[in-house]
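In this note's numbering, the protein residues as written are 935 to 1017.
The structure appears below as structure tokens.
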């Protein structure tokens, strides 16, 4: 449970920071196979973030790919970055 609370804290932190930078921020974005933790949209870029506490970046990126979190944004025209 403590892991979930820490992840939620970081999710809120990302939301506040990127909102203050005038970016559109969505959390818990649903896809067919799961939910992306955070999606940040700027004028030129889209960032798909999967937050992991006590886990590796490789596992986070693998989850983004395996669950197809970035797929809905690929036709948008903006650069999509998985983080």
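The C-beta atom is built at its ideal place from N, Cα and C for all residues, glycine as well.
Here residue 970 carries a strand assignment [DSSP, helix/strand/coil]. Within the segment 971–995, the complete beta strand (DSSP E) runs of at least 3 residues fall at 979–983.
Excluding its 5 nearest sequence neighbours in each direction, residue 1017 has C-beta neighbours in its own chain below 6 Å: 981 and 983, listed in chain order.
Look at residue 941 here: in three-state DSSP terms it is helix. For residue 1010, the three-state secondary structure derived from DSSP is coil. At a Cβ-Cβ threshold of 8 Å, residue 1002 and residue 967 count as neighbours. Cα atoms of residue 941 and residue 976: separation of roughly 23 Å, rounded to the nearest angstrom.
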